[in-house]
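Trainee: Can you keep this structure in mind? I'll have questions shortly.
Protein chains in written order, with my numbering: chain A, 1 to 362; chain B, 1001 to 1214.
Here is the structure:
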């Protein structure tokens, strides 16, 4: 089996020749940190946006090389070129959402263009741009069908709160539900239009990235989730399936209170199974491992930043032992490989997946 | 009975009705302190308990917080002294490099619901900003971090408070997505709050322990 076959088999909740390996997301620092083990000439760690064109080319090439060298079976692409620089510390995306840049990882949405219903009357929604799929094109041409191509699509909740502001969105669910539906519908139209472009570009797996929970609980009530979020995300799932794609649901946090809803929504995979949030691999596998593929679970909050390679090796072994039986498991970290992870631990995770992931029987 | 209705209305977040009920409470001869303690603070206690039990979610807390702020706007001018700092004063912020504020804002709401005055130093707050906000009236410094990469700045902030000679007079409370109890212990924090409601309860305990120590 090649990587693509391995991933698609696991997403069908079937057993491949070995447990596949995947990187959900990765920042500049771990690309460069891991990359230094396999190539020379990498730039110092800095924001991709602040790199020269030759540095960007080198970093992207290294990202591909990491996937080839360590046998990562799927490649995750995401939008490039959809942001404009406002100043040294801020960018704005195609929706008009402003983000504060941070030297420590995630950008954070700070400027929200649609706070009130009247803002919608002045707002022109963006149209998906084929050019923003450049990374997917590059990966397709590089891997030539050897690896499954994933795409991170922001889901309804994330798009809505970025447009409206988190607290404002939550209060508008009570004060003006129709307004929330209007915004959600607009984001759905965008996502469905982008889906068409993604299919034409050769995508295999759509990841609906829509964080909806913290370590303790979902951020909103299950009934709000059903009405304002899942109703729309589910339409993306159905559209993607009609076009022959597999669909993975990504959300941080404790998803137990929403798990039955997610299982009923037709997703093929669930990611990233955060251990600190109670998403214990053995428990999730026992509950729904025969219905949905499980992706993730290798702790990126404490283990990958602060643990030893031996501890990472053991965590991978345990995850495969707990979740690998019968297939339907893809190993990756419990969220992105962020600037805080130790590159050597990432390599240990890659190597341990190869070491322990081989199935005894085909 | 009107206090029970204030308590219930707070949970529903009905700003207009809570204003009407406060008026009714005054008409019935109740003091602003009674309305605050037996209506609003008791109501936010119930909100916090339900949140911790997973019976309500963040939107419901925000709804209650909005009603509480509306009620406090009415009560504050009528309360003797600084009615919003009855439990203590807390310096609260998200540490350097971290721009996340939702968790911090929830903690602020729950602290206010317990009667604390919150001095919010904002997001991406340098250690010096925390230090500058601390004076002899502050009992607690509370820090939030969502990212593994920014959580270490909690430790640096504690060190800055020590260098400024302020550490011995205050308690340190930490929380956020990247923070665990073990991490909190490792940087010398006094308490770790797993969620906003827990943080408010811990703040009460920390202030009580300070009073006992004196």
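By construction, the Cβ of each residue, glycine as well, lies at the ideal position given by its N, Cα and C atoms.
Give the residues of chain B in contact with residue 46/A, contact being defined as C-beta atoms less than 8 Å apart.
Mentor: Taking the first residue of the first chain as 1, we reach residue 46/A at position 46. Per Cβ cutoff of 8 Å: no residues; residue 46/A is ~14 Å from chain B at best.
Trainee: Three-state secondary structure (DSSP) at residue 102/A?
Mentor: For the purposes of this step, residue 102/A is taken as the residue at position 102 of the first chain. Looking at residue 102/A - three-state DSSP - the assignment turns out to be coil, as it is neither helix nor strand.
Trainee: Have a look at 7/A, 140/A, 156/A and flag the residue whose alpha-carbon is nearest the alpha-carbon of residue 190/A.
Mentor: Along the first chain, read from residue 1 onward, the residue named residue 190/A stands at position 190. Comparing Cα positions, the closest option is 156/A.
Trainee: Comparing alpha-carbon positions, which option in 45/A, 249/A, 168/A lies nearest residue 230/A?
Mentor: Translated into the one-based positions of the first chain, residue 230/A becomes position 230. Nearest of 45/A, 249/A, 168/A to residue 230/A, Cα basis: 249/A.
Trainee: Let me know if residue 1082/B comes out buried or exposed under the rule of 16 or more other beta-carbons within 10 Å of its beta-carbon.
Mentor: The residue labelled residue 1082/B in the question sits at position 82 within the second chain. Note that residue 1082/B scores a pLDDT of 49, beneath 50, so its modelled location is shaky and nothing firm can be said.
Trainee: Would you mind sorting residue 97/A into buried or exposed? The rule is 16 or more other CB atoms within 10 Å of its CB.
Mentor: Against the first chain, residue 97/A aligns to sequence position 97. Counting Cβ neighbours within 10 Å, residue 97/A comes out buried, since at least 16 surround it.
Trainee: If contact means a Cβ-Cβ distance below 7 Å, which residues of the stretch 173 to 188 of chain A contact chain B?
Mentor: Shown in chain order are the members of the stretch 173 to 188 of chain A whose Cβ falls below 7 Å from a Cβ of chain B: 173, 174.
Trainee: Under three-state DSSP, which class holds residue 356/A?
Mentor: Start at 1 with the first residue of the first chain, and residue 356/A comes out as number 356. Of the three classes helix, strand and coil, the one that applies to residue 356/A here is helix, per DSSP.
Trainee: Would you tell me roughly how many angstroms separate the C-alpha atoms of residue 1149/B and residue 53/A, rounded to the nearest one?
Mentor: Residue numbering aside, residue 1149/B sits at position 149 when the second chain is read from its first letter. Residue numbering aside, residue 53/A sits at position 53 when the first chain is read from its first letter. If you take the alpha carbons of residue 1149/B and residue 53/A, they lie about 27 Å apart.
Trainee: Can you give me the C-alpha to C-alpha distance between residue 85/A and residue 49/A, rounded to a whole angstrom?
Mentor: Residue numbering aside, residue 85/A sits at position 85 when the first chain is read from its first letter. Residue numbering aside, residue 49/A sits at position 49 when the first chain is read from its first letter. The straight-line gap from Cα to Cα measures roughly 9 Å.
Trainee: Check each candidate in 1128/B, 1019/B, 1098/B and name the one with the smallest Cα separation from residue 1075/B.
Mentor: Residue 1075/B sits at position 75 when you count from the first residue of the second chain. Cα-wise, what sits closest to residue 1075/B is 1019/B.
Trainee: Label residue 165/A either buried or exposed according to how many other C-beta atoms from any shown protein chain fall within 10 Å of its C-beta, with 16 as the threshold for buried.
Mentor: The count along the first chain starts at 1 and reaches residue 165/A at position 165. Result: buried.
Trainee: Taking the alpha helix (DSSP H) that residue 172/A belongs to, which residues open and close that run?
Mentor: For the purposes of this step, residue 172/A is identified with residue 172 of the first chain, where counting begins at 1. Taken as a continuous stretch (DSSP letters only), the alpha helix (DSSP H) holding residue 172/A covers 166 to 175.
Trainee: Ordered along the chain, which non-local residues of its own chain (more than five positions away) have a Cβ less than 7 Å from that of residue 1050/B?
Mentor: Sequence index remark: in the second chain, residue 1050/B carries index 50 (1-based). 1056.
Trainee: Can you find a C-beta in chain A that's less than 8 Å from the C-beta of residue 1054/B?
Mentor: Within the second chain, the letter at position 54 stands for residue 1054/B. Interface residue, yes.
Trainee: Chain A partners of residue 1178/B, CB-CB under 8 Å?
Mentor: As a first step, residue 1178/B is located in the second chain; it is residue number 178 there, counting from the start. Within chain A, the residues near residue 1178/B are 301.
Trainee: Can you check DSSP and say which residues form a bridge with residue 295/A?
Mentor: On the first chain, residue 295/A is found 295 positions in, with the first residue counted as 1. Its beta-bridge partners are 330/A.
Trainee: Kindly say whether residue 171/A, judged by its beta-carbon, lies nearer than 8 Å to any beta-carbon of chain B.
Mentor: Counting from 1 along the first chain, the entry for residue 171/A is found at position 171. So, interface residue.
Trainee: Alpha carbon to alpha carbon, how far is residue 1031/B from residue 1138/B?
Mentor: Taking the second chain and counting its residues from 1, the one referred to as residue 1031/B is at position 31. Taking the second chain and counting its residues from 1, the one referred to as residue 1138/B is at position 138. Straight-line Cα distance between these residues: approximately 27 Å.
Trainee: Kindly list, in the order they appear in chain A, the residues whose Cβ is closer than 7 Å to that of residue 1195/B.
Mentor: Sequence index remark: in the second chain, residue 1195/B carries index 195 (1-based). Per Cβ cutoff of 7 Å: 216.
Trainee: The alpha helix (DSSP H) spanning residue 48/A covers which residue range?
Mentor: Your numbering for residue 48/A matches position 48 in the first chain. Residue 48/A -> no alpha helix (DSSP H), and no H or E assigned at all.
Trainee: Provide the residue(s) that pair with residue 1120/B in DSSP beta bridges, ordered along the chain.
Mentor: Here the question's residue 1120/B lines up with position 120 in the second chain. Paired residue(s): 1092/B.
Trainee: Among 149/A, 232/A, 193/A, 163/A, which one has its Cα closest to the Cα of residue 185/A?
Mentor: Working through the first chain from its first residue, we reach residue 185/A at position 185. Comparing Cα-Cα distances from residue 185/A to each of 149/A, 232/A, 193/A, 163/A, the minimum goes to 232/A.
Trainee: Exposed or buried, what is residue 332/A when buried is set at 16 or more other beta-carbons lying within 10 Å of its beta-carbon?
Mentor: Locating residue 332/A in the first chain gives position 332, where the first residue counts as 1. The residue in question, residue 332/A, is buried, as its Cβ has 16 or more Cβ neighbours within 10 Å.
Trainee: Count Cβ pairs between the stretch 318 to 332 of chain A and the stretch 287 to 303 of chain A that sit closer than 8 Å; are there 3 or more?
Mentor: Contact between the stretch 318 to 332 of chain A and the stretch 287 to 303 of chain A is established, with three or more Cβ pairs separated by less than 8 Å.
Trainee: Are at least three pairs of beta-carbons, each pair with one atom in the stretch 351 to 362 of chain A and one in the stretch 1029 to 1047 of chain B, less than 8 Å apart?
Mentor: No, because fewer than three Cβ pairs between the stretch 351 to 362 of chain A and the stretch 1029 to 1047 of chain B fall closer than 8 Å, the two stretches do not touch.
Trainee: Between the beta-carbon of residue 292/A and the beta-carbon of residue 334/A, is there less than 8 Å?
Mentor: As a position in the first chain, residue 292/A is number 292, starting the count at 1. As a position in the first chain, residue 334/A is number 334, starting the count at 1. Contact flag unset, no.
Trainee: Going by DSSP, name the residue or residues bridged to residue 111/A.
Mentor: On the first chain, position 111 is the one that residue 111/A refers to. Its beta-bridge partners are 98/A.
Trainee: In the DSSP assignment, what are the bridge partners of residue 150/A?
Mentor: Numbered from 1 along the first chain, position 150 holds the residue referred to as residue 150/A. Beta-bridge pairing links residue 150/A to 76/A, 205/A.
Trainee: Which same chain residues end up closer than 8 Å to residue 182/A when comparing Cβ atoms and leaving out the 5 residues on each side of it in sequence?
Mentor: Position 182 of the first chain, counting from 1, holds the residue named residue 182/A. Excluding positions up to five away in sequence, the list reads 117, 120.
Trainee: What do you get for residue 349/A, buried or exposed, if any count of 16 or more other CB atoms within 10 angstroms of its CB means buried?
Mentor: Here the question's residue 349/A lines up with position 349 in the first chain. The residue in question, residue 349/A, is buried, as its Cβ has 16 or more Cβ neighbours within 10 Å.
Trainee: Would you mind sorting residue 242/A into buried or exposed? The rule is 16 or more other CB atoms within 10 Å of its CB.
Mentor: If you number the first chain from 1, residue 242/A lands on position 242. Looking at its Cβ environment, which holds fewer than 16 other Cβ atoms inside 10 Å, residue 242/A is exposed.
Trainee: Here's a check: name, in chain order, each residue in its chain whose Cβ is nearer than 8 Å to the Cβ of residue 1209/B, leaving out the five neighbours to either side.
Mentor: Stepping through the second chain from its first residue, residue 1209/B is reached at position 209. Same-chain partners within the cutoff: 1171.
Trainee: Hey, would you say residue 22/A sits closer than 8 Å to residue 73/A, going by beta carbons?
Mentor: The residue given as residue 22/A occupies position 22 in the first chain. The residue given as residue 73/A occupies position 73 in the first chain. Yes; because the gap between Cβ atoms is below 8 Å, this pair is in contact.
Trainee: By alpha-carbon positions, which one of 1059/B, 1066/B, 1026/B, 1003/B ends up nearest to residue 1015/B?
Mentor: Within the second chain, the letter at position 15 stands for residue 1015/B. Of all alpha-carbon atoms in 1059/B, 1066/B, 1026/B, 1003/B, the one lying nearest the alpha-carbon of residue 1015/B is that of 1066/B.
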